[in-house]
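Presented below is the structure to which this report refers.
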Amino acid sequence: MKIQYIVAGGCVVLIALHLVSNAQPQANSRCAVSKTETFQLNDSDAKKLIVNIGPDRANLRAGRERQGSITVRFCASDDNRMRPMAADLVIEDEIAQLQLNHGGQSNRSSTSWFGRTRSSYSYFEIDGQVNAFTDLDISVGSGKADLFGFSNVNAVLGSGEIDIAGVPNEVRIQVGSGKAELDNIGSLRVGSVGSGKIEVERIRGDAEIGSIGSGKIELERVDGGVTVGTIGSGSFQASRVRGNLSIGSVGSGSIRIDDVEGDFHLRSKGSGSVRHTNVRGKVTVPNR
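For the sequence shown, the positions run -23 to -1, 1 to 265 when mature numbering (1 follows the signal peptide of the UniProt record, and there is no 0) is used.
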């Protein structure tokens, strides 16, 4: 609340200014009412786990244990928001799906004339340990997910954040306006990046990227080759690539390439900028 003092005719008048906001509470920032539920997941139950989260937080790990479990913490501003919340783990045809129900209401907060804040929210905090041979399909809205050790990961990210590490096989990902950090993965397949960002360190195989809009992709330490379809107004950076690097087109965006053992080929170029250094193979870049 903002206070202003105005002097009029020798009197001091106190004016309280009303401030209103509709900001969404961050996951795990507040939890006035809570409860937990735990679901068991053995290695013989399912070979794939499906998780879809909105403004929630997920911490999922895959290890050597045959006996796994997923704990879901329910958090809400009051009993009315808590009551319709629900979680369940449904297993069918070796596919386990974590089903979450927020109760059909969005998170919101407002500040009154006198600085009193009222919040209405509900979200889930998910913590799980499953077998390392499990594949993971996950979608993240505005929340955050930390993932480690899954055999394969297929991820769709909206405006939130996702960290993926220790995946021996393939990571497939699509990003809207969010941020993704990947480390030590087998191979990379990026469908598209809108205005978001992907940072990857250590890819043991190849990297394939469909399109970059106004966002950004950074790759470091790629043992295989790199293929990029189109770059709009965004940027692409790659360093320490052992194989060939091929890019279809760049519009008004930028390309920065360093330390490539193979060839570097760019098919078409608009008004954007291209800089390449330490390319041991053949370089093909059009003037325009």
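We put the CB at the ideal spot given by N, CA and C, even for glycine.
Remember, predicted model here, so these are calculated numbers, not experimental data.
Taken in chain order, the unbroken stretches of beta strand (DSSP E) that lie wholly in the stretch 96 to 159 and span 3 residues or more are 99 to 108, 112 to 117, 121 to 125, 130 to 134, 138 to 152. No Cβ-Cβ contact shorter than 8 Å links V117 with N129. The alpha carbon of K246 has as its nearest neighbour, out of G171, A215, N146, S210, the alpha carbon of S210. Inclusion of L243 and V251 in the CB contact set at 8 Å is warranted, their separation being smaller than that value.
By the beta-carbon neighbour count (other beta carbons within 10 angstroms, threshold 16), A9 is exposed.
Nearest C-alpha to G31 among A122, S231, D22, G187: A122.
Using a Cβ-Cβ distance cut-off of 8 Å, the stretch 130 to 139 and the stretch 153 to 173 are in contact, since at least three pairs of beta carbons, one from each stretch, lie closer than that value. Of all alpha-carbon atoms in I103, L37, V203, I194, the one lying nearest the alpha-carbon of F127 is that of L37. Under the three-state reduction of DSSP output, R58 falls in the helix class.
In the assembly as shown, A63 is an exposed residue. Its beta-carbon has fewer than 16 other beta-carbons within 10 Å. Within the same chain, Cβ atoms closer than 6 Å to the Cβ of D183 are found at S164, G201, G202, the five residues on either side in sequence being excluded. At the C-beta level, V107 and L75 stay beyond 8 Å of one another.
Residue environment: G80 is assigned as exposed (fewer than 16 neighbouring CB atoms within 10 Å of its CB, all protein chains considered).
Counting of Cβ neighbours within 10 angstroms places V199 among the buried residues, the total reaching 16 or more. Cβ contact annotation for N78 (same chain, cutoff 8 Å, sequence separation greater than five): P61, M62, A63, A64, in chain order. Separation of the CB atoms of I186 and V205 is rounded to 4 Å, and the pair is thereby assigned contact status at 8 Å.
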